[in-house]
Amino acid sequence: MILVTGGAGYIGSHTVLTLLEAGQDVLVLDNFCNANKKSLERVSALTGREVPWVEGDIRDAALLDDVFSQHEIDSVIHFAGLKAVGESVQKPLDYFDNNVNGTLVLCSAMSRADVKKIVFSSSATVYGDPASVPIRENFPTAATNPYGRSKLMVEEILQDLAVSDPQWRISVLRYFNPVGAHDSGMIGEDPNGIPNNLVPFVSQVAIGRREVLSVFGNDYDTTDGTGVRDYIHVTDLAKGHLMALDYLSRHDGVHTFNLGTGKGYSVLEVVQAFEKASDRKVAYEFHPRRAGDIARCYADPAHAEEVLGWTAEFDIEKMMVDTWRWQQKNPNGYSDSTLS
Ligand code: NAD
Ligand code: UDP
């Protein structure tokens, strides 16, 4: 059985669905600080399988000991954590506690239970402002905010852990920009309050929940002056976890992979693709650059292809069509959705 921390969240719920469809058994551990239980109910409805879950915090060592002793867990996919860059600047202690301390408590409990296989959610943010693109895994790392530093710290801790004990099997997945939703439109990204990320914001403008998109910067050294990112469909990302876990059944040590498409799209290209998918206009206006943003960031995904046999299947059109389907079926996210 696979323990999925943060399994009720955006990427976690899509990964749980993919795991269940592949015939795996899962147990979700989530404190629901940024998730709704409906996501798990819907995964259950979509797969026709029960989704067992425990409500609790990864920083609760006693709870983790119970979970590991009561269930036959052989590996962990670890999504649980806080992820808002701006908030991390305001609340660094919360971020280090949840993301770094939380992972320490989790790995210690795993060690006690002799479960030494983990897939960790890292981020392309660990590359800082890269000297060139596309970005390969051996590029230098740097962090410019507490969220990024928390990811880097955990990566380093996991490296040290593997050195200390060769039984550990660790996969570090550096996601680029996850977007989209399951093509049923039943599960998707449901940000609290005003979305920080581009695609949820664009989608809320299209549905009429927000008036106008602020485009942060049109003076970057890119084709149209707006920031370029590597958007990746969350279903492709979910599949990457399955393949990374499978790889760990055959290999020990730490294995780090970029999960991206290798293609960069500007903010305005994303807006255009969304307008096409939704057949709605997305009003936008230019604003100054957002602090900490970089001009361009996209992956060289060759390592994941060579080693895991993983490549992203879905293009930007599909990412936007699926986002829009989710948005239309759930205009206000999970909270007051009329879908059961
Ligand atoms: P999310 O907020 O939707 O999911 C995180 C889940 O973890 C939520 O369900 C939340 O309730 C839970 N959680 C948080 N702290 C917890 C704790 N202490 N104990 C138990 N549960 C806890 O975020 P997501 O987009 O699905 O991201 C999943 C992981 O991927 C995170 O670690 C995030 O940093 C990383 N990541 C996300 C992105 C992105 O753009 N979405 C990009 C790169 C990396
Ligand atoms: N962006 C924007 N307006 C927004 C949110 C984001 O113009 O309301 C831009 C941002 O400057 C970046 C791109 O969209 O160039 C992707 O930003 P996002 O926050 O989604 O992801 P990031 O790459 O920053 O993690």
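Counting with this note's numbering, you get residues 92 to 431 for the letters of the sequence shown.
Even glycine gets a Cβ: it sits at the ideal position worked out from N, Cα and C.
A quick note: this is a predicted structure, and the numbers were derived from the prediction, not measured.
Cross-strand partners of residue i (DSSP beta bridge)
i, result
"residue 305", "376"
"residue 144", "119"
"residue 125", "Answer is none; residue 125 lacks a bridge partner."
"residue 371", "Partner(s): none; residue 371 has no beta bridge."
"residue 348", "264"
"residue 94", "118 and 167"
"residue 387", "319"
8 Å Cβ cutoff met for residue i and residue j
i, j, result
"residue 308", "residue 379", "yes"
"residue 158", "residue 94", "yes"
"residue 118", "residue 92", "yes"
"residue 267", "residue 327", "no"
"residue 210", "residue 335", "yes"
"residue 345", "residue 253", "yes"
"residue 113", "residue 264", "no"
"residue 122", "residue 147", "yes"
"residue 325", "residue 373", "no"
"residue 313", "residue 381", "no"
"residue 126", "residue 99", "yes"
"residue 145", "residue 134", "no"
"residue 488", "residue 260", "Because the chain here runs from 92 to 431, residue 488 falls outside it and cannot be looked at."
"residue 171", "residue 96", "yes"
"residue 238", "residue 216", "yes"
For residue j and residue i, believed in contact at Cβ under 8 Å, the rounded distance
i, j, result
"residue 269", "residue 389", "With a Cβ gap of about 14 Å, residue 269 and residue 389 do not count as contacting."
"residue 213", "residue 242", "5 Å"
"residue 262", "residue 338", "7 Å"
"residue 272", "residue 414", "6 Å"
"residue 368", "residue 412", "5 Å"
"residue 350", "residue 395", "6 Å"
"residue 230", "residue 306", "So it is not a contact: roughly 27 Å between Cβ atoms."
Closer than 8 Å to chain B by CB, residue i
i, result
"residue 385", "Absent from the structure is chain B; it holds one protein chain and no more."
Ordered list of beta strand (DSSP E) runs contained in the region 150 to 238, each at least 3 residues: 166 to 169 and 208 to 214
Those runs of the alpha helix (DSSP H) which lie wholly inside the region 389 to 427 and span at least 4 residues: 393 to 399 and 407 to 420
Minimum length 3: unbroken beta strand (DSSP E) runs contained in the region 281 to 330: 304 to 307 and 322 to 324
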